[in-house]
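Chemist:
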Amino acid sequence: MSASSAQVEVIPPYEPRAAGLAPEGTPLLEMRNIVKRYGGFVALNGMDFYIGKSEVVGLLGDNGAGKSTLVKMMSGINPPTSGEIFANGKPMRLNSRADSEAAGIETIYQDIALVDSMPITRNIFMGREITNRWGFMNHKKMESTAVDILGSAVQISGIDDPEKEVGFLSGGQKQAVAIARAVHFKRNILLLDEPTSALSVRETEHLLAYVRDLKEEGTSSVLVTHNIYHAFQVCDRFVVMSHGAKVFEARKEDTTIEEVTDHVIRT
Amino acid sequence: MSVSQSDHIHAAIAARNDRGFASKAIDWIRTRPEGGIAVLFVLVQIACIVGALAFPSSFRYLSEANIAVLLKSIAPIGIMALGVGVLMIAGEFDLSVGALYSFCAIVAATITNQLGGDIGLENASALAPFIGMAIGLAIGTATGVLHAQITLRFGIPSFITTLGAMLLWKGATLLYHGAASLRYKPSEPFATIFNGHIGVVHASIIWFAICAVIFYFILHHHRIGNHFYAVGGNQKAAVAIGINPGRTKTIAFAMTGFMAALSGIIAGARVSSIQPGGGLGLEARRHRGLRDRGARFDGRARLDPRHRARNLPHVHDPGCSAPPAGTGILLRDVRRRADRDRRDHEHGHSPQELRTDA
């Protein structure tokens, strides 16, 4: 077979931007025309994004598309260079973790965000310790709460002692601890940045079912994933990003798994 | 489903609490980093005690004087190490503690003397030493905050910042006071509080113990201790979860400066004088026996007129750096002779006999 006869589909380097869908009603969180620059590099370029009430949004795209940048922005640790943010229709700022906490946003980070040298309990309550009025920690209460949330949030394999140091846990167990922490503290919005990368099949199914349960209870989620089949199990709406902008957006009932896959590949 | 999950965790916690004392201790040694250090410490102690029992005349480890001196020489280093330890847990390092140790002590002593707080004076002011100490501690704390701001605002590694700061404070000490040693004999009740004794236990050891307990509670039971561990263990995670690493590290730097100053003042009060070069080298102390020899002098320096002859930089202070080579030899001779003389004096050995073991 000669090289000239090979049939390779030429994938265009850029997909055109898509305007996307307009939110119905007042979204929980809306971001308009968001730009994020790191020196000369533009990570987000005029991105629009919103999260409605009781909705699971799938955020898809190739590596480097800007998904994690957007998630970190919503969690407050990565303020935008320019753009507008609204919570329940009111303008707000996301300049620090305190801002996002006030908006009821909780995140499961891709890089887990646990301290290996600290026990599970201390990791779960890191920065939000249960203390008395002088700032001394209530170890008993923290431990019993940790036991409850470790047992209920996700079924975690093999974690039997909340005093175990996180460094001794496997990748999947660490991820489960991070999930348990976020689930315990979330109020309005749960951001999941590739939460299933280290989980077992059983744990993944459990987590996806949990995200659906949360939606019934009124908590919205954003699921960042490379697994479009997982996304199709739980998401109501899909947003595909490429090069810091939105290239495709559709509700689940208006699209197919093939169409979404095609847009992700083409970016 | 959730109930059964929590149940097996509860069972595991119950099993952990039900272990016998021996298995708890063994698990502690195996899993905690300080477990190994504790084992090593106990082994060294056993070796020394066995040695002392085997050779009671030449290795007087268990003599009351030796124990008193050992405890005394632990205290200033220990007080300083508490602060440095907290800073290292928070992920930064301070090389300037040795220079700060001298600078803050010199400031405290100068102010004490200027306000008439010397015990030798008639109508010595009782308040003056406390004012001097408060100012010294405040300078130590403020210096820690300054180091933190330089390190954090300009993104300079703390190793570099404090290497420069070490030279700066060393120079500041010389500028402020010069190279001569400074008399520091504070009036009562300061003298008793910081230089008293309960049996063989010197006040500085009691202060060290108090500080250690306070630091234990801060590190393991207070919110800020949790933040120290979080910021030092994984700064990105701490930021992601809403801890302000700048604030946390600034507090750690301030605590380090405070403890360096406290250590310098307590050590100064103990030996009744402060050497401008005294704290240098404390930040990376090498154990060359200097401590033992120097400290033995400390125990008696004020009683024995012969020790006045040795009013040289590093005789009083256990932790100071070595003098130039020539002086070193000279000093060694002077000290050996003095050592021998004193031992003769105490134990009635003939000089001939001792020359062989020196």
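Residue numbers (this note's numbering), protein chains in the order written: chain A, -3 to 263; chain B, 61 to 418. We put the beta carbon where it would ideally sit given N, CA and C, even for glycine.
1. Leaving aside the five residues before and after Val299(B) along the sequence, list all residues of the same chain whose C-beta is less than 7 Å from its C-beta, in chain order.
2. Can Gly196(B) and Ile109(B) be called in contact, C-beta distance under 8 Å?
3. Please list, in chain order, all residues of the same chain as Gly100(A) whose beta carbon is under 8 Å from its beta carbon, the five residues on each side excluded.
4. Tell me, which residues are paired with Pro246(B) by DSSP?
5. Phe288(B) by DSSP, collapsed to three states: which one?
6. Does the beta carbon of Gly168(A) come closer than 8 Å to any beta carbon on chain B?
7. Enumerated in chain order, which unbroken segments of the beta strand (DSSP E) with a length of 3 residues or greater are wholly contained in the region 184 to 235 of chain A?
8. Taking 8 Å as the limit between beta carbons, can you name the residues of its chain near Val63(B), skipping five residues before and five after?
9. Using only alpha-carbon positions, find the residue among Gly60(A), Ser78(A) and Leu25(A) that is nearest to Arg308(A).
10. Who pairs with Tyr34(A) in a beta bridge, going by DSSP?
11. Within its chain, find whatever has a CB closer than 7 Å to the CB of Ser92(A); leave out the 5 residues flanking it on each side and keep chain order.
12. Any beta carbon of chain B sitting closer than 8 Å to that of Arg247(A)?
13. Use the C-beta contact count for Asn77(B): other C-beta atoms within 10 angstroms, 16 or more gives buried, fewer gives exposed.
14. Could you tell me whether any non-hydrogen atom of the ligand GTP is closer than 7 Å to the CB of Ser166(A)?
15. Just to confirm the assignment, what range does the alpha helix (DSSP H) spanning Arg177(A) have?
16. For Arg76(B), go through chain A and note every residue whose CB falls closer than 8 Å to its CB, in chain order.
17. If we call anything under 8 Å between Cβ atoms a contact, is Ala109(A) one with Ile301(B)?
18. Out of Glu201(A), Gly240(A), Glu213(A) and Ser238(A), which one is the CA nearest neighbour of Ala227(A)?
19. For the structure I just gave you, are there three or more beta carbon pairs, one from the region 185 to 192 of chain B and one from the region 161 to 177 of chain B, closer than 8 Å?
20. Write down the C-beta distance between Ala290(B) and Gly143(B) rounded to the nearest angstrom, noting that I regard them as a contact closer than 8 Å.
21. Along chain B, which residues have their Cβ under 7 Å away from the Cβ of Met88(A)?
22. Can you confirm whether Gly302(B), when its beta carbon is compared against all beta carbons of chain A, has any partner nearer than 8 Å?
23. Is Phe163(B) helix, strand or coil by DSSP?
24. Under 8 Å Cβ-Cβ, which residues of chain A neighbour Arg283(B)?
25. Leaving out the 5 sequence neighbours to the left and right, which residues in its chain are closer than 8 Å to Ala114(B) when beta-carbon positions are compared?
26. So the candidates are Ala194(A), Arg208(A), Gly163(A) and Leu195(A); which of them puts its Cα closest to the Cα of Asn294(B)?
27. Three or more beta-carbon pairs under 8 Å between the region 247 to 254 of chain A and the region 217 to 236 of chain A, yes or no?
28. Could you name the residues of chain B that Ala109(A) contacts, counting a contact when the two beta carbons are closer than 8 Å?
29. With a cut-off of 8 Å on the beta carbons, I'd call Thr103(A) and Ala178(A) a contact; round off their distance for me.
30. Along the region 65 to 99 of chain B, where does the CB come closer than 7 Å to a CB of chain A? Name the residues.
31. Less than 8 Å between the beta carbons of Gly16(A) and Asp44(A), yes or no?
32. Using a Cβ cut-off of 9 Å, which residues of the region 61 to 94 of chain A contact any Cβ in chain B, in chain order?
33. For chain B, find out if any of its Cβ atoms is closer than 8 Å to the Cβ of Ser113(A); answer yes or no.
34. Specify the secondary structure class of Asn134(A) as computed by DSSP and reduced to three states.
35. For Val146(B) and Lys132(B), I'd like the C-alpha separation in whole angstroms.
36. At which residues does the beta strand (DSSP E) containing Gly79(A) begin and terminate?
Modeler: Checking against the coordinates, here is how it stands:
1. Along the second sequence, read from residue 1 onward, the residue named residue 299(B) stands at position 239. Close CB contacts of Val299(B) within its chain, under the 7 Å cut and outside five residues either way in sequence, are with Pro305 (chain order).
2. Taking the second sequence and counting its residues from 1, one reaches residue 196(B) at position 136. Taking the second sequence and counting its residues from 1, one reaches residue 109(B) at position 49. Not in contact: Gly196(B) and Ile109(B) (Cβ atoms no closer than 8 Å).
3. On the first sequence, position 104 is the one that residue 100(A) refers to. Beyond the five residues adjoining it in sequence on each side, Gly100(A) comes within less than 8 Å, by CB distance, of Lys182, Arg183, Asn184 and Ile185 in the same chain, given in chain order.
4. Here residue 246(B) is taken as the residue at index 186 of the second sequence, counted from 1. Note: Pro246(B) sits in a beta bridge opposite Asp178(B).
5. Translated into positions along the second sequence, residue 288(B) becomes position 228. Residue state, collapsed to three classes: helix.
6. For the purposes of this step, residue 168(A) is taken as residue 172 along the first sequence, with counting starting at 1. So, not an interface residue.
7. Within the region 184 to 235 of chain A, the runs of beta strand (DSSP E) that reach at least 3 residues and sit entirely inside it are, in chain order, 185 to 189 and 216 to 220.
8. As a working note, residue 63(B) is residue 3 in the second sequence. Because Val63(B) carries a pLDDT of 45, less than 50, the predicted location of this residue cannot be relied on, and the following value inherits that uncertainty. A distance below 8 Å between beta-carbons, with the five flanking residues on each side excluded, links Val63(B) to no residue of its chain.
9. Residue 308(A) is absent from the structure shown; chain A starts at -3 and stops at 263.
10. Here residue 34(A) corresponds to residue number 38 of the first sequence, with the count starting at 1. Looking at the DSSP assignment, Tyr34(A) forms a beta bridge with Phe37(A).
11. The count along the first sequence starts at 1 and reaches residue 92(A) at position 96. Excluding sequence neighbours, Ser92(A) sits near Gly72.
12. For the purposes of this step, residue 247(A) is taken as residue 251 along the first sequence, with counting starting at 1. With 8 Å as the cut-off, Arg247(A) does not count as an interface residue toward chain B.
13. Locating residue 77(B) in the second sequence gives position 17, counting from the first residue. Per the 10 Å Cβ criterion, exposed.
14. Ligands in the displayed structure: none, and consequently the ligand GTP is not present.
15. Taking the first sequence and counting its residues from 1, one reaches residue 177(A) at position 181. Taken as a continuous stretch (DSSP letters only), the alpha helix (DSSP H) holding Arg177(A) covers Gly167 to Phe181.
16. As a first step, residue 76(B) must be located in the second sequence, where it is residue number 16. Residues of chain A passing the Cβ test: Asp157 and Glu159.
17. As a first step, residue 109(A) must be located in the first sequence, where it is residue number 113. As a first step, residue 301(B) must be located in the second sequence, where it is residue number 241. Yes.
18. If you number the first sequence from 1, residue 227(A) lands on position 231. Ranking the options by Cα distance to Ala227(A), first place goes to Glu201(A).
19. Flag = yes, the region 185 to 192 of chain B and the region 161 to 177 of chain B touch.
20. As a first step, residue 290(B) must be located in the second sequence, where it is residue number 230. As a first step, residue 143(B) must be located in the second sequence, where it is residue number 83. Going by Cβ atoms, the distance from Ala290(B) to Gly143(B) rounds to 19 Å, so no, they are not a contact pair.
21. Counting from one through the first sequence, the residue named residue 88(A) turns up at place 92. One finds nothing in chain B with a Cβ atom closer than 7 Å to the Cβ of Met88(A); even the nearest lies about 17 Å away.
22. For this step, residue 302(B) is matched to residue 242 along the second sequence. Closer than 8 Å: yes.
23. Taking the second sequence and counting its residues from 1, one reaches residue 163(B) at position 103. In the structure shown, Phe163(B) sits in a helix (DSSP, three-state: H, G or I).
24. For the purposes of this step, residue 283(B) is identified with residue 223 of the second sequence, where counting begins at 1. Ordered by position in chain A, the residues that pass the 8 Å Cβ test against Arg283(B) are Glu125, Thr127, Gly131, Phe132 and Met133.
25. Against the second sequence, residue 114(B) aligns to sequence position 54. When the five nearest sequence neighbours on each side are left out, no beta carbon in the same chain lies closer than 8 Å to the beta carbon of Ala114(B).
26. Counted from its first residue, the second sequence places residue 294(B) at position 234. Here the closest residue by C-alpha is Gly163(A).
27. Output reads yes: the region 217 to 236 of chain A touches the region 247 to 254 of chain A.
28. On the first sequence, position 113 is the one that residue 109(A) refers to. Neighbours of Ala109(A) on chain B, chain order: Asn294, Lys296, Ala297, Ala300 and Ile301.
29. As a working note, residue 103(A) is residue 107 in the first sequence. As a working note, residue 178(A) is residue 182 in the first sequence. 6 Å between Cβ atoms; contact.
30. So the close ones are Gln65, Ser66, His68, Ile69, His70, Ala72, Ile73 and Arg76.
31. For the purposes of this step, residue 16(A) is identified with residue 20 of the first sequence, where counting begins at 1. For the purposes of this step, residue 44(A) is identified with residue 48 of the first sequence, where counting begins at 1. It is a contact, given that the beta carbons lie within the stated cut-off.
32. Flagged, chain order: Lys68, Ser71, Gly72, Ile73, Ser92, Arg93 and Ala94.
33. The count along the first sequence starts at 1 and reaches residue 113(A) at position 117. Yes, Ser113(A) lies at the interface with chain B (some Cβ there is under 8 Å from its Cβ).
34. Translated into positions along the first sequence, residue 134(A) becomes position 138. Reduced to three states, the DSSP call for Asn134(A) is coil.
35. Taking the first residue of the second sequence as position 1, residue 146(B) is located at position 86. Taking the first residue of the second sequence as position 1, residue 132(B) is located at position 72. Each residue's alpha carbon lies about 22 Å from the other.
36. Within the first sequence, numbered from 1, the residue matching residue 79(A) stands at position 83. Run containing Gly79(A): Ser78 to Ala83, per the beta strand (DSSP E) assignment.
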